[in-house]
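Here is the structure we will look at.
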Amino acid sequence: MDDFIQYTINALTLGSVYALIALGYSLVYGILKLLNFAHGDVFMVGAYIGFGMLNLLGGATSPVVPVWLLLTIMVATAMAGCAVIGVAIERFAYRPLRDAPRIAPLISALGVSFFLTYSMQLLFGAEQRDYNAFSLDNGVLFLKGFDIGNVRVPLLRIVIISSAFVLMISLWLLVNRTRTGKAMRATSFDREAAAMMGIDIDRVIRFAFVLGSALAGAAGVMFALRAPASVTIGFVAGLKGFTAAVIGGIGSIPGAMVGGLMLGFAESFTQGYVSTRWSDLAVFTILILFMLFLPQSLFGRADISKV
Amino acid sequence: MSVNGTPLLQLDGCDTYYGQIHILQGLSIEVHAGEFVCLLGGNASGKSTTLKTTLGIVSPRRGRVLFGGEDVTRRPTSYRIQKGMAIVPENRRLFAPMTVLENLEMGAYLQGGGAKDDFDRVYGLFPLLYERRAQLAGTLSGGEQQMVAMGRALMGKPKLLLMDEPSMGLAPILVERQFEIIKEVHQSGVALLVVEQNANMALSVADRGYVLSTGRLVLQGKASELAEHEDLRKAYLGR
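Residue numbers (our numbering), protein chains in the order written: chain A, 1 to 307; chain B, 1001 to 1239.
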C-alpha cells in the first residue's frame, strides 16, 4: 500500500510535467496543424533559465530571497523567457513557411530543435546541471511535507503538482472564458471563418506560441527541481509530451492533461512494479497501442474544448 | 432607391488572383447605402471572390476597394469590419464546437464580444437563438444554423452585409423564410450584397443586380429588368 501511494505521487508529479509540455504541442497543433518539434527544446531552455535565475539570486545554498519567492521568480522568468523564444521561433522558422507544403515547417522545426540544443551546449557546456534543490533551506522541499500513512509527501511534490494544476486550470479558463481564448478556439476550428469575423490570425498564432512555450518553461523548472538537467533533456521530454498530446487527442486541451497524467502513471508504475529500465518502453507501447486501436484518441475530433 | 452620391461600396477595376488563376477580371461594381444588390452568375464566375475581395480575405492585384468613399484596398479585414462590413459566409461556416452565444460573440469580436444591446437586437430578430444560446452550434438544424450565421453577422451593427448563398442547403420552405429575414434586415437600413444561385428569388427582392461570367461583368440593371431579360432567363432563371 505504501508503495502504491509512493508511485501514485510520483505519477502525478511526472504526469503534470508531461501534461504541461503536451499542452504546448496541442495549442500549436490545434491552430497551425503543425507539430512543433522544437517544443521539447523550449522546455530544456526553461530549465536553464531557471538555473540562471537561481544562480543570480545566490544559488541553492545561500539564496538572497525566501524559498517560495525564489521558486516563483524562477518559474516566472522561465515562462517569460520561453514565451519570447516561442514567439521568435514562430516568427522566423514557421511564419515564412505558412503556405509551404506541410513537410517544410516540419523540417524547419527539427532545425530549430538542433539549433536550440547545440547553441545551449555551446553556451553552457554538455555537462549536467543540478539545481541542487536539496540545499534550499536545509532540505525543506524534500524533508517537510505531509504524511499519508507511512509515506511522506515531500513539499516539492506538492508544489509541483499544485502549481501545474493551477497553470492548467488557468489555461482552461483563458481558452473558454476570455475573448482571446474564444478567438483561439474559433481559429482552430475554421481559420478563414475566424478571419471573416475580423480575428487577427497572426496574433492568435503568436498567442498560442506564447502560452505553449510559457507552460513548457514552467515544466522545465519543475523537471530540473527534481533531477539534474542537461541540454539533451528536451528530446525525450518532448517525445513524451508529444505522446501525451497524441493519446489525449492532439489539439484538445483536456486531452493533453489526461494524456500527460496517463503517461505519468504508466511510467511511474512500470518503474515501481517492473523495472526502471522498462518505463520508456511502457510509455511508447501505449502510444503504439493507441495509434493501432484508438486512433481517434481520448478527446479527438468532436471535443468541445478543441483548440 | 437613391443611387446618387458616393456609393457605400465601390469595387473599381479589381483583378483578383488565386495563385496563378485570374479570377476577377477588371470587375467594377457598387452598392449604395441601404441598397439591396444581388450578384448572379454560374459556377466559378467569381461571385464568392467578389465578396472576399470586398472584405479583404483576398486582395486584388490591381484595382481598388472603396468603402464609404475611403480606399480600403490595403486595409486588413478587421479594419473593414470596424468600418461596418460583415459577412454571412458560404455554407455558414459556424464555429461548430462553440455555443450559439459564443458564435454571436465572435461576430462582435472587434467590439469586445458584443454589448447587451446587440444581443437584444439579434435575439429580437431570432428569438429561437436565445433559447438555444447554450447549445453547440454544430448540433443545430440547417435553418437554425442559418439564423446563427445571420445573427453573428448582425452583431457588429454592419452598414453593409455580404451574404454568400444564404439559401444554399435549406429546405424550400426555409428559403422563403430566409428571404423574409433578409428583407427585414434590409428594411432596418442595412445595405446588402447577396450572392445567390436562386436567381428568381433574389431578383424578386433585390433593388439591383449584377451578372458575372468568368470574373467579368456581363449584365447589370434593376432587378425587375434583369428578371425579364431574355439572355438571363435562358441562362439562369430556367423559364
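Idealized CB from N, CA, C, for every residue including glycine.
Between A22/A and A244/A a beta carbon distance of about 4 Å is seen, short of the 8 Å cut, so the two are scored as contacting.
Against D200/A, the close residues of chain B are S1078, in the order they occur along the chain (beta-carbon pairs closer than 7 Å).
Cα atoms of L1174/B and P1166/B: separation of roughly 11 Å, rounded to the nearest angstrom. When the beta-carbon positions are compared, L1039/B and V1194/B come within less than 8 Å of each other. Of all residues in the segment 1085 to 1106 of chain B, those with a C-beta nearer than 7 Å to a C-beta of chain A are I1087, P1089, R1093, F1095, A1096, P1097, M1098, E1102, E1105, M1106, reading in chain order.
Straight across, the Cα-Cα distance linking L225/A with I233/A is about 13 Å. The alpha-carbon separation between V1100/B and R1092/B amounts to approximately 13 Å. As the crow flies, the alpha-carbon of V1148/B is around 10 Å from that of V1088/B. Sorting Y1123/B, Y1018/B, Q1146/B, L1094/B by C-alpha distance to the C-alpha of G1169/B places Q1146/B at the top. For L1055/B, at least one C-beta of chain A is nearer than 8 Å to its own C-beta. D3/A and R185/A have their C-alpha atoms roughly 42 Å apart. With a beta-carbon spacing of about 4 Å, G220/A and A47/A fall inside the 8 Å limit used to define contacts.
Rounded to whole angstroms, the separation of the alpha carbons of T1049/B and T1214/B is 11 Å. The segment 1041 to 1099 of chain B contains, as complete beta strand (DSSP E) runs of 3+ residues, the segments 1062 to 1067, 1085 to 1088 (chain order). The continuous stretches of alpha helix (DSSP H) do not include F134/A, and DSSP gives it neither H nor E. Annotation for H1022/B: the continuous beta strand (DSSP E) segment containing it runs 1021 to 1031.
According to DSSP, residue pairing for A1191/B in a beta bridge involves L1160/B. Taking C-alpha positions only, R1177/B is separated from R1208/B by approximately 21 Å. Nearest to K1157/B by alpha-carbon distance, out of S1141/B, D1164/B, L1192/B, is L1192/B. Look at G1013/B here: in three-state DSSP terms it is strand.
Non-local beta-carbon contacts of L1125/B in its own chain, meaning distances under 6 Å to residues more than five positions away in sequence, are absent.
Look at the segment 1125 to 1152 of chain B: the residues with a C-beta under 9 Å from a C-beta of chain A are L1136, G1138, R1152. Sequence-distant Cβ neighbours of V28/A in its own chain, meaning closer than 7 Å and more than five residues away, are L34, N36, A208, F209, G212. In the DSSP assignment, no residue is bridged to A1108/B.
Below the 9 Å Cβ cutoff, chain A contributes R179 as neighbours of G1112/B, in chain order. Measuring C-alpha to C-alpha distances from A195/A to each of G1013/B, Q1025/B, I1057/B, L1094/B identifies I1057/B as the nearest. At least 8 Å separates the CB of K144/A from every CB of chain B. Put simply, the backbone Cα of D137/A is about 17 Å away from that of L56/A. Among the residues of chain A, those whose CB is under 7 Å from the CB of I1081/B are G198, following chain order. Distance between D1012/B and H1032/B, taken at the CA atoms: about 14 Å.
Within 9 Å of the CB of Y1109/B, the CB atoms of chain A belong to R179, K182, A183, A186, A194, M197, G198, I199, in sequence order along the chain. Shown here for D41/A: same chain residues with a beta carbon closer than 6 Å to its own, the five before and five after excluded, namely S113, L116, T117, G234 in chain order. Nearest neighbour of A126/A by Cα position, chosen from V231/A, R206/A, P105/A, T270/A, turns out to be V231/A.
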